[in-house]
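Counting from 1 along the sequence shown, just add 32 to a position and that's the residue number in the numbering used here. Encoded as structure tokens, the structure appears first; notes follow it.
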Amino acid sequence: MKRLIGVIAGVFLSMLLCRAQSKCAFTFVEDTLSIPEKGIVMHGQSLETVLKNLSTVKLFKSNDDKLFIKFVVTENFYFDKVDVLEIRSGSKSYYAKGAKQYKINKTRGMFVIEVFKNYIVTLKDDGITSLVFNAAESDFTKQDASQIRKISICFYETIYGKK
């Protein structure tokens, strides 16, 4: 009888512990983010993933609760040109007007885009399937979209709780 109660208690406790663990396999990093067009540096927390083509996507939450996506891309979309950046997530698109691709070096450029909470929800569901800037398109693989979806889920659930 004591063994049965011990086994039931052990199973119950292990279920509680497994349920309490976060599914997030990523760790938030205390970070800074430079906003070149405003000439400021923001402090906050971020999650980052490296894509198959060695581009990176960083989700950033500033200490004053602003949300940003930083792309470091390995394709030249027209350095220092200002245009609309279309971020495609499946059949949905997010348009960042007045986006500028900053030159990091000959083969890498950077976009920093402020986004809203509802767009992080879209990323949780669909990831990012492509970027379009000045008629140049960069498609992401299914694995890339899945990786972006995973960090978006972790980012959202860590900041806003599970919903």
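Quick reminder that beta carbons are idealized off the backbone N, C-alpha and C, glycines included.
In this structure residue 148 is exposed. Its beta-carbon is surrounded by fewer than 16 other beta-carbon atoms within 10 angstroms. Residue 59 and residue 77 have their C-alpha atoms some 10 Å from each other.
For residue 146, the enclosing beta strand (DSSP E) stretches over residues 140–147.
The beta carbons of residue 91 and residue 99 sit closer together than 9 Å. Between residue 75 and the set 93, 141, 191, 168, the nearest pair of CA atoms involves 93. For the pair residue 110 and residue 166, the Cα-to-Cα distance works out to about 8 Å.
Setting aside the 5 residues that flank it on each side, residue 161 is surrounded in the same chain by 120, 121, 122, 171, 172, 177, each with a C-beta closer than 8 Å to its C-beta; the list follows chain order. Residue environment for residue 61: exposed (fewer than 16 other C-beta atoms within 10 angstroms of its C-beta). Residue 115 and residue 191 have their C-alpha atoms roughly 31 Å apart. A check of alpha carbon separations from residue 159 across 182, 133, 141, 145 identifies 182 as the nearest.
Bridge partners of residue 65 according to DSSP: 74. C-alpha of residue 81 to C-alpha of residue 103: approximately 10 Å in a straight line.
Counting only residues of its own chain and dropping the five nearest sequence neighbours on each side, residue 57 has a CB closer than 8 Å to the CB of 182, 186. Around the C-beta of residue 188, 16 or more other C-beta atoms lie within 10 Å, and the residue is accordingly described as buried. Rounded to the nearest angstrom, the gap between the Cα atoms of residue 129 and residue 118 is 9 Å. Between the alpha carbons of residue 184 and residue 106 lies a gap of roughly 21 Å. Residue state for residue 150 is assigned as helix, using DSSP reduced to three classes.
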